[in-house]
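Note sheet for the following structure.
Numbering (the numbering used here), first residue to last: 1134 to 1493.
Here it is, written out as structure tokens:
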């Protein structure tokens, strides 16, 4: 079951991701990173200029080294240029087809500009097994932490992932938190439109893992209204079964908007610098991530009201243009599915799902 890739997965990778493998000619070389995008966003609404979600003041530097489990690719570390001590770090697990770091380059830039570190590890989309994808991510993350302790502070960490990476972030964060002791001074999980959640190289079941996360773990789970790839029930299952109190986790449902003729689309590609880079990225994802980092790593109570506000005005208020406001996200601690499973290409009750018995 875990060794064969569903044919639909190949179709999705070809039709929605359209990403090619990228490498860097300089192994373990640090250099300033230049974005391929200009500073403007698609659509009428532009970046926030202050508060959570606004770009930070740091320049971005990058270090690349050979990927230990994926020959010919490199692990990338994005960090604030000129730092003299290790910084809290986000370990990002990309979606199927997102092997090129350019797919979410603006997310990594944003994290580093705010004074934190982002680690990106490419894994094979068409691989021998789910286990090996997890192993590839894990060995890339742990090698980055071991080889660059002057950049990466493992006492304050977040695990973030999209689609396959969203599901993988559960097992990988558990291993980091419980087996390696990462995040003792601050830890969180931020999952987006997650695929099935497996566990790799563990004597525990996924349910046993979910019931054993450290008490200081925080969590944001996001799903997107127009996503027709991953059944929202997978995200709901993990959110309801993980042993994080409702005060320290929120389930966030992002809705689409049309402003001044521009469609802010909440499909499975959100967020992505390649498909569309617009206000949904900044206000729907980056702003909440920014606040979650500040709350988790610095204990800022104002940040909690934005990241985990349980539907507070500070959390759900979205920007407007010419009197038209973007749809606010729906925030809940008791999520329920809005659509039948038939909408989705990957259904929660598919036999591939190791947590099929937890689908509601």
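C-beta atoms are modelled at their ideal positions from N, C-alpha and C, and glycine is treated no differently.
Residue i: buried (16+ other C-beta within 10 angstroms of its C-beta) or exposed?
{"i": "residue 1479", "result": "buried"}
{"i": "residue 1355", "result": "buried"}
{"i": "residue 1469", "result": "exposed"}
{"i": "residue 1472", "result": "exposed"}
{"i": "residue 1312", "result": "exposed"}
{"i": "residue 1195", "result": "buried"}
{"i": "residue 1207", "result": "buried"}
{"i": "residue 1462", "result": "buried"}
{"i": "residue 1277", "result": "buried"}
{"i": "residue 1456", "result": "exposed"}
{"i": "residue 1184", "result": "exposed"}
{"i": "residue 1197", "result": "buried"}
{"i": "residue 1192", "result": "exposed"}
{"i": "residue 1250", "result": "buried"}
{"i": "residue 1361", "result": "exposed"}
{"i": "residue 1279", "result": "exposed"}
{"i": "residue 1261", "result": "exposed"}
{"i": "residue 1375", "result": "buried"}
{"i": "residue 1259", "result": "exposed"}
{"i": "residue 1162", "result": "Any answer about residue 1162 is weak, because its pLDDT of 36 lies below 50 and its placement is not dependable; what the coordinates show is given next. Label assigned to residue 1162: exposed."}
{"i": "residue 1482", "result": "exposed"}
{"i": "residue 1228", "result": "buried"}
{"i": "residue 1440", "result": "buried"}
{"i": "residue 1182", "result": "exposed"}
{"i": "residue 1334", "result": "exposed"}
{"i": "residue 1448", "result": "buried"}
{"i": "residue 1221", "result": "buried"}
When you compare each of the options to residue i by their alpha carbons, which one comes out closest?
{"i": "residue 1443", "options": "1392, 1385, 1422, 1471", "result": "1385"}
{"i": "residue 1431", "options": "1296, 1202, 1320", "result": "1320"}
{"i": "residue 1252", "options": "1286, 1258, 1263", "result": "1286"}
{"i": "residue 1341", "options": "1348, 1349, 1332", "result": "1332"}
{"i": "residue 1237", "options": "1198, 1209, 1349", "result": "1209"}
{"i": "residue 1272", "options": "1288, 1254, 1259, 1283", "result": "1254"}
{"i": "residue 1511", "options": "1491, 1235, 1454", "result": "The structure shown does not extend to residue 1511, since the chain is modelled only from 1134 through 1493, so no value can be given for it."}
{"i": "residue 1390", "options": "1359, 1407, 1376", "result": "1359"}
{"i": "residue 1213", "options": "1229, 1284, 1270, 1233", "result": "1284"}
{"i": "residue 1401", "options": "1227, 1326, 1204", "result": "1326"}
{"i": "residue 1350", "options": "1231, 1415, 1256, 1379", "result": "1379"}
In the DSSP assignment, what are the bridge partners of residue i?
{"i": "residue 1285", "result": "1220"}
{"i": "residue 1320", "result": "1290, 1350"}
{"i": "residue 1382", "result": "1352"}
{"i": "residue 1252", "result": "1210, 1224"}
{"i": "residue 1272", "result": "In DSSP, residue 1272 forms no bridge with anything."}
{"i": "residue 1411", "result": "1175"}
{"i": "residue 1390", "result": "1397"}
{"i": "residue 1454", "result": "1457"}
{"i": "residue 1509", "result": "Nothing about residue 1509 can be reported from this structure: the residues present for the chain run from 1134 to 1493 only."}
{"i": "residue 1199", "result": "1207"}
{"i": "residue 1295", "result": "1325"}
DSSP three-state call for residue i: helix, strand or coil?
{"i": "residue 1259", "result": "coil"}
{"i": "residue 1134", "result": "Residue confidence for residue 1134 is low, a pLDDT of 42 falling below 50, so the modelled location carries little weight; the figure read from the coordinates is stated next. Residue 1134 falls in the coil class under three-state DSSP."}
{"i": "residue 1345", "result": "coil"}
{"i": "residue 1484", "result": "coil"}
{"i": "residue 1340", "result": "helix"}
{"i": "residue 1182", "result": "coil"}
{"i": "residue 1423", "result": "helix"}
{"i": "residue 1428", "result": "helix"}
{"i": "residue 1416", "result": "helix"}
{"i": "residue 1511", "result": "Because the chain here runs from 1134 to 1493, residue 1511 falls outside it and cannot be looked at."}
{"i": "residue 1143", "result": "Any reading at residue 1143 must be qualified, since the residue scores a pLDDT of 38, below 50, and its modelled position is unreliable; the value itself is stated next. DSSP places residue 1143 in helix when its eight states are reduced to three."}
{"i": "residue 1278", "result": "helix"}
{"i": "residue 1232", "result": "coil"}
{"i": "residue 1188", "result": "coil"}
{"i": "residue 1492", "result": "coil"}
{"i": "residue 1472", "result": "coil"}
{"i": "residue 1314", "result": "coil"}
{"i": "residue 1335", "result": "coil"}
{"i": "residue 1330", "result": "coil"}
{"i": "residue 1266", "result": "helix"}
{"i": "residue 1152", "result": "Per-residue confidence for residue 1152 stands at a pLDDT of 34, beneath the threshold of 50, marking its modelled position as unreliable; the derived number appears in the next sentence. Coil at residue 1152, not helix or strand."}
Can you give me the start and stop residues for the alpha helix (DSSP H) that residue i sits inside?
{"i": "residue 1308", "result": "Here residue 1308 belongs to no alpha helix (DSSP H), and DSSP marks it neither H nor E."}
{"i": "residue 1371", "result": "1365-1374"}
{"i": "residue 1435", "result": "1434-1440"}
{"i": "residue 1362", "result": "Residue 1362 -> no alpha helix (DSSP H), and no H or E assigned at all."}
{"i": "residue 1244", "result": "1238-1246"}
{"i": "residue 1478", "result": "Segment: none, residue 1478 is in no alpha helix (DSSP H) and carries neither H nor E."}
{"i": "residue 1448", "result": "1446-1449"}
Would you give the residue range spanned by the beta strand (DSSP E) that residue i belongs to?
{"i": "residue 1396", "result": "1395-1397"}
{"i": "residue 1463", "result": "1463-1465"}
Less than 7 Å separating the Cβ of residue i from some heavy atom of the ligand GTP?
{"i": "residue 1207", "result": "What this structure holds is no ligand at all, so the ligand GTP is not there to describe."}
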